[in-house]
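Position 611, counted from 1, in the sequence shown is what UniProt numbering calls 611; the numbers after and before it change by one each time, with no gaps. Just so it is clear, CB atoms sit at the ideal spot from N, CA and C, and this is done for glycine as well. Comments concern the structure below.
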Amino acid sequence: MSAIETPLLAKARPLTLADVEPPGHTLLVAFVLAFAVIYTCLSFYLVCLATALAWLPVGLGLQLIWRCGSSKSVSPMAPKDRIWLCDTPTQPMIVNAVLVFEAPRLKLDRVTELVQERIIGHPALGRFSQLLQRDRRSPTGYVWAIDPDFDVRRHIGEAVGEGACEAALKTALDEVALQAWLGRRFSEPLPRDRPLWCVELLDCDGGTALVFRCHHAVGDGIAMSSVLLEALLEDFEERSEAIRGTQGPSEPIRARSALPEDSDAMCPAVPEAPFRPFRPSVSSEECVSSVAVPEEPFRPFRPSVSSEESVSSVAVPEEPKSDPKLKDEIVEKLADAPEPPSPPPPPPQQQWRPTTDDEHHQHGAQQSAHHGAYRLPASDSPNTTPRSAVTSAARTPRWQRSARRALRPILTLARNALLAPYEIFTLLLQGEDFNAMHRLFELSGTKLIAWSPPVPLAAVKQIKDHFGAREDGADASVNVSVNDVLMTAASAALDRYNARLTAELTADHAVPTLPAHVKRRLRKASTSRLTLGVPFNVRSAAEMERVVLENKFAVAFMTTPLGRTDRRQRLVDIVRAMRRLKQSAMPWGMYMSMNAVTALLPAALAHELIDIVADNATALVTNNRGPPRPKALDGRRLKYYVSWAPQRASIGVTITLFTYADTMRCSVSADASCVPEPDEIVSLFLDEFAALAQLAGCTGMEGGGVASRELR
Numbered sequence: 001m002s003a004i005e006t007p008l009l010a011k012a013r014p015l016t017l018a019d020v021e022p023p024g025h026t027l028l029v030a031f032v033l034a035f036a037v038i039y040t041c042l043s044f045y046l047v048c049l050a051t052a053l054a055w056l057p058v059g060l061g062l063q064l065i066w067r068c069g070s071s072k073s074v075s076p077m078a079p080k081d082r083i084w085l086c087d088t089p090t091q092p093m094i095v096n097a098v099l100v101f102e103a104p105r106l107k108l109d110r111v112t113e114l115v116q117e118r119i120i121g122h123p124a125l126g127r128f129s130q131l132l133q134r135d136r137r138s139p140t141g142y143v144w145a146i147d148p149d150f151d152v153r154r155h156i157g158e159a160v161g162e163g164a165c166e167a168a169l170k171t172a173l174d175e176v177a178l179q180a181w182l183g184r185r186f187s188e189p190l191p192r193d194r195p196l197w198c199v200e201l202l203d204c205d206g207g208t209a210l211v212f213r214c215h216h217a218v219g220d221g222i223a224m225s226s227v228l229l230e231a232l233l234e235d236f237e238e239r240s241e242a243i244r245g246t247q248g249p250s251e252p253i254r255a256r257s258a259l260p261e262d263s264d265a266m267c268p269a270v271p272e273a274p275f276r277p278f279r280p281s282v283s284s285e286e287c288v289s290s291v292a293v294p295e296e297p298f299r300p301f302r303p304s305v306s307s308e309e310s311v312s313s314v315a316v317p318e319e320p321k322s323d324p325k326l327k328d329e330i331v332e333k334l335a336d337a338p339e340p341p342s343p344p345p346p347p348p349q350q351q352w353r354p355t356t357d358d359e360h361h362q363h364g365a366q367q368s369a370h371h372g373a374y375r376l377p378a379s380d381s382p383n384t385t386p387r388s389a390v391t392s393a394a395r396t397p398r399w400q401r402s403a404r405r406a407l408r409p410i411l412t413l414a415r416n417a418l419l420a421p422y423e424i425f426t427l428l429l430q431g432e433d434f435n436a437m438h439r440l441f442e443l444s445g446t447k448l449i450a451w452s453p454p455v456p457l458a459a460v461k462q463i464k465d466h467f468g469a470r471e472d473g474a475d476a477s478v479n480v481s482v483n484d485v486l487m488t489a490a491s492a493a494l495d496r497y498n499a500r501l502t503a504e505l506t507a508d509h510a511v512p513t514l515p516a517h518v519k520r521r522l523r524k525a526s527t528s529r530l531t532l533g534v535p536f537n538v539r540s541a542a543e544m545e546r547v548v549l550e551n552k553f554a555v556a557f558m559t560t561p562l563g564r565t566d567r568r569q570r571l572v573d574i575v576r577a578m579r580r581l582k583q584s585a586m587p588w589g590m591y592m593s594m595n596a597v598t599a600l601l602p603a604a605l606a607h608e609l610i611d612i613v614a615d616n617a618t619a620l621v622t623n624n625r626g627p628p629r630p631k632a633l634d635g636r637r638l639k640y641y642v643s644w645a646p647q648r649a650s651i652g653v654t655i656t657l658f659t660y661a662d663t664m665r666c667s668v669s670a671d672a673s674c675v676p677e678p679d680e681i682v683s684l685f686l687d688e689f690a691a692l693a694q695l696a697g698c699t700g701m702e703g704g705g706v707a708s709r710e711l712r
């Protein structure tokens, strides 16, 4: 990665509601346009809806007949999984992930045994032992059937290569060589004569790299992360070398803390239990109803001694007589009194620098002692509720609250059904992106891989808390999330890389030589807009608690301006765009329309329609949250985990922002014709993150190149 110089930036003020809220006339225009588009397309929409309702009984009848005549070992493929059976020679629909473990090296036999026990033997992960077969009687044309010749050893093995790649695999690979090997491997499809997944092991940096590849039809990235990080891996328990030699290797000790080294003499070692999320087996109503609590009548307090003995033993001052009128006046004044002003926020933390694992706890303790901690904004605090909200909720009758809870899903469904056509038509009318990374050259099918060194997640939260804090004189704070900070850095990195690539391609002696009209169009497109595809998880909280292989997400599209140099304003644009996406009907509309198109139309026509929508985006940016605590496989600690979602249609760039064990990594997967240098995007991402840290008042970040070297 090349070092990128960044000038020192002044500390920026937090965001306000006036920054992220659109003006009133914009909402009015959007409201009028929404109704205009809806009523214009209402006839077509109603015809499609009537056709779907007419074919619904026919489809259900055919599916019932097929289920009665099919074997129990065969299950039909759902439309939401059938969407991703659209592999092309340049775009294989495969979810790829790399898990790098510490030494000693993992043994192939032991990994095969663990995969057989924890994944193949899992009752909810049956697709890993099922074949994908063609069956025209099925509603989607494909079924999952049990593989009679299934053997887990056909899917797990040592990494192999050809030519120079085979010679390189004979020695341990460093990170750069591993990325080059992954790029060649990710360009290859999976064999269709077996279940659609594979695992490969290879030596890397003294440890082991486990490469996992699975077809997108089996499950999405969230499902695969749950399979690898929750089902296959176990919690890592840190052990002490000193106690390991005296008490044996099986006794865990307490985790590292910020106490001095000689504090072990005063504080004995306390075993630390592995983290397990709380999952109640019954609901709160069942718990209350299952426990019979006897109801006792009210009995006033009666002392055991007489009144004379109480007065003689304890000197109690005479209580003055209370005036009922005075009491009522006091109660009324307290009820009408205004709310007390909120206390001023504590001074923000001004010192941050990337730390290593050894000094992380001690450095964090010194910062907490000398600089204080960040204040959580009022909108983010789960325990802060205004007094007026509590009072109004208490005065609302119970039947009204129950009616609101019952009607909220119905009203949300009706709102999404009305606004989804407007959102989708607006996206189609804006046209597809054309820039140096999209639609300029044909896809080559050669994948290039790069990822960043670890970025402390605490630093991301410091930036979030600074821009989300309440400014002096402001009415309320703006809820800036971690995702907003990471999306801002990612979009800025793509913007700067697109400008650099455009300048190189439109130069006088550029190779290849482009026509003059193409150069003019590229220069104009480099300052217009950039459309990003953002996946939204549509699973409920209960569905996230269990591991299920399915595709349950929607891709929404976010448009960001190009050529913006004000980083604070870029953050404002991202916060505004993400707010609009979360409040709009686009995620719901994209999810339902893709399933409906796949279920009702022929496969070729459905794929063409979905690709037309996907062609609008230049890049796909995903943000996944991993486990907060370290994981391990067979006692080897997982150093880091990176993954990539496949690109569809003409999209040639995927950026994945994954958090694991209080760190974050930015990984890029790109087609060689779209992004010939993906490591430059990673370096620009670190540079933009360092600039945001300076704007938030965090010192010690001189530039992206310095940040890259320190974070390594």
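Asked                                                                                                                                                         : Found
Cβ-based burial, A103 [other Cβ within 10 Å; buried from 16]                                                                                                  : exposed
Cβ-based neighbour list, V218, same chain, cut-off 7 Å, excluding 5 preceding and 5 following                                                                 : R127, L196, W197 and L549
I156 to S481 span [Cα, whole Å]                                                                                                                               : 39 Å
C-beta contact flag for F101 and L638 at 7 Å                                                                                                                  : yes
Residue interval of the beta strand (DSSP E) (run including E158)                                                                                             : I156 to E158
T208 vs L85 beta-carbon contact at 7 Å                                                                                                                        : no
Nearest candidate by alpha-carbon position, reference Q430, set H215, Y660, F685 and S528                                                                     : S528
Cut-off 7 Å between Cβ atoms - residues of its own chain near F685, not counting five sequence neighbours on either side                                      : S452, A489, A490, A493 and C666
V538 to P587 span [Cα, whole Å]                                                                                                                               : 8 Å
Span of the beta strand (DSSP E) around L131                                                                                                                  : Q130 to R134
At least three beta-carbon pairs within less than 8 Å, the region 220-237 to the region 117-127                                                               : yes
Reduced DSSP category for K461 - H, G, I as helix; E, B as strand; rest coil                                                                                  : helix
Beta-carbon gap between T654 and S673 smaller than 7 Å                                                                                                        : no
Residue from A525, A436 and A458 with nearest C-alpha to P676                                                                                                 : A436
Test item: CB-CB of L125 and A145 under 7 Å                                                                                                                   : no
Own chain, CB closer than 7 Å to S226, minus 5 neighbours either side, in chain order                                                                         : V547
Boundaries (first-last residue) of the beta strand (DSSP E) holding R637                                                                                      : R636 to W644
Proximity of D615 and E504 at Cβ, strictly below 7 Å                                                                                                          : no
Spatial distance of R648 from L600 (CA atoms)                                                                                                                 : 21 Å
Neighbourhood of I681 by C-beta, 6 Å cutoff - its chain only, sequence neighbours within 5 removed                                                            : A493, Y497 and V668
Those residues which DSSP pairs with P561 across a bridge                                                                                                     : R529
Separation of P456 from T663, as counted between CA atoms                                                                                                     : 5 Å
Nearest residue (CA-CA) to R185, options T656, D205, G206 and C214                                                                                            : C214
C-beta contact flag for A159 and E200 at 7 Å                                                                                                                  : yes
Proximity to I612 [Cα-Cα], best of F425, S138, D193 and E442                                                                                                  : F425
Cβ contact check for the region 515-525 and the region 570-586: 3 or more pairs under 8 Å                                                                     : no
Span of the beta strand (DSSP E), counted from its first residue to its last, around S76                                                                      : Position check: residue 76 holds Pro in this sequence, whereas Ser was assumed. It spans V74 to P76 - the beta strand (DSSP E) in which P76 sits, taken as one unbroken run.
Cut-off 6 Å between Cβ atoms - residues of its own chain near V74, not counting five sequence neighbours on either side                                       : V143 and A145
C-alpha gap between A585 and A12, whole angstroms                                                                                                             : 33 Å
W144 - containing beta strand (DSSP E), residue span                                                                                                          : Y142 to I146
Rounded Cβ spacing between L530 and T560 (contact assumed at less than 8 Å)                                                                                   : 5 Å
DSSP three-state assignment for A109, whether helix, strand or coil                                                                                           : The residue you asked about is not Ala; residue 109 is Asp in the sequence shown. D109: helix per DSSP, three-state reduction.
Runs of alpha helix (DSSP H) lying entirely within the UniProt domain "O-acyltransferase WSD1 C-terminal" (551-692), each at least 4 residues, in chain order : 567-583, 586-600 and 603-614
Proximity to V642 [Cα-Cα], best of A617, R625, A691 and Y422                                                                                                  : R625
Simplified DSSP assignment, three categories, for P454                                                                                                        : coil
CB contact flag (L182, L99, <7 Å)                                                                                                                             : no
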